[in-house]
Amino acid sequence: MLQTVSGSHAVGETQLAAYRFMLRARLLDDKFAALYRAGKIHGGVFLGRGQEALSAAIGVSLNKSDVFAPLIRDAAGRLAFGEPIIDAVRTYLGSALGPMRGRDGNVHRGRPLEGYLPMISHLGAMVSVVNGVLFARRMKGITGIVGVACLGEGATSTGAFHESLNQAAVEKLPLVLVVANNQFAYSTPTTSQFACADLANKATGYGVESHSLDGTDFSDCVETVGSAVARARAGHGPQLVIATLLRLCGHGEHDDAGYIAPELKNSALGRDCLKGAEEFLLKHKLADAAQLAVWRSEAIREIEEAVAQAQREPAPDPYEEKWSALSSEHLNELRTEA
Amino acid sequence: MSITYLEAIREAQAHALRDDPRVFIYGQDVGAFGGAFKATKNLQKEFPGRVLDSPISEDAMIGLAVGTAIEGMRPIIEMQFADFSTVAFNQIVNQASTLFWRTNVPCPITVRLPFGGTSGSGPFHSQCLEAIYAHYPGLVVLTPATVEDAYSMLLSAVAIDDPVIFCEHKFLYYHLKAEKLPSEALPIGKARIAREGRDLTIVTYSAMVHEALAAADELATEGWQVEVVDLRSIKPLDTDTVVASVARTGRLLCVGEAWPWGGVTAEVIARVSAESYGLLDAPPQRLNAKDTPVPYHPNLWAAHRPTARSVAAAARKLIRF
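So the sequence lines, in the order shown, correspond to chains A and B.
Just so you know, the numbering used here puts 298 at position 298 of the first sequence, and the rest follows in order with no gaps.
Throughout, the numbering used here is defined as the position within the second sequence, counted from one, plus 1000.
Okay, here's the thing in structure tokens:
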């Protein structure tokens, strides 16, 4: 028997939606990897391969009015939260028409006024910003919303993680902190990252609820993330979600991940969640093979069209750039050399 | 009836809270306790739900402020001491200061830094951090030297649509007094001629303005007329007023309580030297704190930072060049 997540979807609808975002994210990531190898992308490319089920599960459990601070492996969650593919493509290709206008690139994108926060590179730093958005909305009397911040297991070692989770707990904010334990922070294994038996144990210390899930299991992702988000939305305070999975790629496309042992890749942790999701849909007769093929070709066409469009768009022009870091232009240092 | 520099800061916050429902205060001990220095005394009672205690988490305090700013609020964050803002450094210089440039969404937060040395405060409760924040694009850095400026510039800080580092000097908190609060003020980014003179320009800011004025009094008894420029704002820096003063005097001494390396005094001298070399009758000089941590004992502390006596000595040497 399938569980509905939000209650507003028919049985299986959430899983179907999640799968389609996973598929689009995987294909979008594959396209970025290809563009990177072809030298068409400046800077790094960071993929979410192996993390799509977790990320999509987050996105489909959120509403438009919620808050989302994704991290580098969250293409699926971003799409599910409502990011148009063209925003992702424009940011990677540096189009002046993208949300970051060539001023920031790749995974550093968002639309803050829509509750979609653009990450800075310093891990853990977005969590307290999510807290702030939730805090402000509470001051304005807005209820029933949730904020999700995504981290990897490496970020649990930062001071920012501690400060922000504690802050959310003290303020009883509807924060869901999702930690993707993908076994490696760049090349650092978990044995060098933390010494507790289970990252979920950390929740006890902060006085928050915890949820553990198998990030390679599509159905577990959808259900467990959905219930954590529902708990936060219902007023039970911050929720810590620990997902166990394996990064099925390098840290970025520049990294061959030679430090990941083949035994680990061949273990249950190395299962591809996208394949698992397809098996799930077929098994429960939510879709057939022909339907999956149609969705795949539709997604590929959508991605190719977005790339073709962004490639035709203007790059940022240094002579048109305002070069103003301040919103208050009258307070700019006028003597900065042009 | 008189009002202190510290009371002016409290009054400005009360004014901002009264005038603008988007304003709130968040910081350690700022609520019922009224703050370590009582800069928020009674404000929680006057403005329930808008003056809120934070855990000892400077990084998360600023992160939260940025989030509320995205939602249209105008937070005032009290760092208990400027020194502790280094724990929030990442959120200030990477999150708050880049938000507008990256996303076109303004980040109107005011970070109050009680800063500067007082006798007995030692290495971790005395620091002057204005230069390190001014180094980062996207921040406004204010350093009021008078009761009037403490009040009007804090009100301006809250009204500015960008992150403002508001450096309020602890040495001035209690002993600096004014008869009443000002009804008008110079705009942000405009320096003030604190004393007119024709023989030498001293450019300084914050508590050092008062040391420079005392030095100018001393030199006046020797027949020298020293002009004192109070920068008021470190970033933006009013180079025009500084250059105009140097055009009158031909001599420049920059005084700062901060450490010397790469600081505000170096910046002022670089600008004047580059833009107005021909106006100078002598090599521009600067006087800063010594390049060590701030000492605890009053004997050491008095020698560590510039004082009226050391400013006067440096001025004499420059006048006689």
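Note that CB positions come from ideal geometry on N, CA and C, so glycine has one too.
The alpha helix (DSSP H) that contains ASN166 (chain A), what's its start and end? 159-170
Taking the alpha carbon of TYR206 (chain A) as the reference point, which residue from A:GLY82, A:LEU177 and A:THR188 has its own alpha carbon closest? A:LEU177
Contacts that ILE145 (chain A) makes with chain B (C-beta to C-beta distance below 7 Å): By Cβ distance, chain B contributes nothing, its closest Cβ being about 11 Å from ILE145 (chain A), past 7 Å.
Note down, in chain order, all residues in the stretch 126-137 of chain A with a beta-carbon under 9 Å from any beta-carbon belonging to chain B. MET126, VAL127, SER128, VAL129, VAL130, ASN131, GLY132, VAL133, LEU134, PHE135, ALA136 and ARG137
Where do the ends of the beta strand (DSSP E) carrying HIS1169 (chain B) lie? 1164-1169
Would a check of beta-carbon distances place SER8 (chain A) closer than 9 Å to chain B? In this prediction, SER8 (chain A) scores a pLDDT of 47, lower than 50, which makes its location untrustworthy; the coordinate-derived value is nonetheless stated afterwards. It does not; no Cβ of chain B falls within 9 Å.
With distances taken between CB atoms, is the gap from GLN183 (chain A) to LEU269 (chain A) smaller than 9 Å? yes
Which residue comes first and which comes last in the beta strand (DSSP E) that contains TYR1026 (chain B)? 1023-1027
Starting from VAL170 (chain A), find everything on chain B with Cβ-Cβ shorter than 7 Å and list it in chain order. PRO1055
State the start and end residues of the unbroken beta strand (DSSP E) segment that holds CYS1128 (chain B). Premise fails: CYS1128 (chain B) is in no beta strand (DSSP E) and is neither H nor E.
Where does the unbroken beta strand (DSSP E) through PRO1075 (chain B) begin, and where does it stop? 1074-1078
For ILE72 (chain A), would you say it is in contact with chain B, using Cβ-to-Cβ distances shorter than 9 Å as the test? no
Looking only at its own chain, which residues have a Cβ that is under 6 Å from the Cβ of ALA1012 (chain B), when we skip the five neighbours before and after it? TYR1151, LEU1154 and LEU1155
Within the 9 Å Cβ cut-off, does PHE1081 (chain B) reach chain E? Within the model displayed, chain E is absent; protein chains A and B are what it includes.
Indicate whether the contact test is met: 3 or more Cβ pairs, each with one atom in the stretch 1075-1084 of chain B and one in the stretch 1096-1103 of chain B, closer than 8 Å. no
Under the three-state DSSP convention, the category PHE1089 (chain B) falls into: helix
Beta-ladder partner(s) of PRO1144 (chain B), from DSSP: DSSP, once it has assigned bridges, lists no residue as partnering PRO1144 (chain B).
Is DSSP giving VAL363 (chain A) helix, strand or coil here? Residue 363 (chain A) is absent from the structure shown; chain A starts at 1 and stops at 338.
SER1276 (chain B) versus VAL1243 (chain B): straight-line alpha-carbon distance, rounded: 7 Å
Answer yes or no: does any C-beta atom of chain B fall closer than 9 Å to that of SER65 (chain A)? no
GLN193 (chain A) touches chain B at which residues, Cβ-Cβ below 7 Å? Within 7 Å Cβ-Cβ: nothing; GLN193 (chain A) doesn't reach chain B, min ~20 Å.
Does CYS1107 (chain B) have its Cβ less than 9 Å from a Cβ in chain A? yes
Do you know offhand how far ILE1319 (chain B)'s Cα is from GLY1256 (chain B)'s? 19 Å
May I ask you to report which of helix, strand or coil DSSP gives GLU1278 (chain B)? Looking at the sequence shown, residue 1278 (chain B) is not Glu but Gly. Correct three-state label for GLY1278 (chain B): helix.
Near-chain A residues of the stretch 1217-1229 of chain B (beta-carbon distance less than 7 Å), N- to C-terminal order: none
Can a CB atom of chain A be found closer than 9 Å to the CB of LEU1017 (chain B)? no
Do the stretch 1050-1068 of chain B and the stretch 1012-1026 of chain B make contact, defined as three or more Cβ pairs closer than 8 Å? yes
Local conformation of TYR186 (chain A) per DSSP, three classes: coil
If we cut at 9 Å on Cβ distances, does SER1097 (chain B) have a partner in chain A? yes
Decide yes or no for the touch test of the stretch 149-158 of chain A against the stretch 113-130 of chain A: beta carbon pairs closer than 8 Å, at least 3 of them. yes
Helix, strand or coil at SER1183 (chain B) according to DSSP, with G and I counted as helix: coil
Are the C-beta of MET1001 (chain B) and some C-beta of chain A separated by less than 9 Å? no
Output needed for ASP87 (chain A): all residues of its chain with C-beta closer than 7 Å, excluding positions within five of it in sequence on either side, in chain order. GLY98, PRO99 and ARG109
Does DSSP put SER1233 (chain B) in a helix, in a strand, or in coil? strand
For PRO1298 (chain B), which residues from the same chain have a beta carbon less than 7 Å from its beta carbon, with the 5 sequence-adjacent residues on both sides left out? SER1119 and GLY1120
Member of B:TYR1174, B:GLU1184, B:ARG1112 and B:THR1204 whose CA lies at the smallest distance from the CA of PRO1163 (chain B): B:ARG1112
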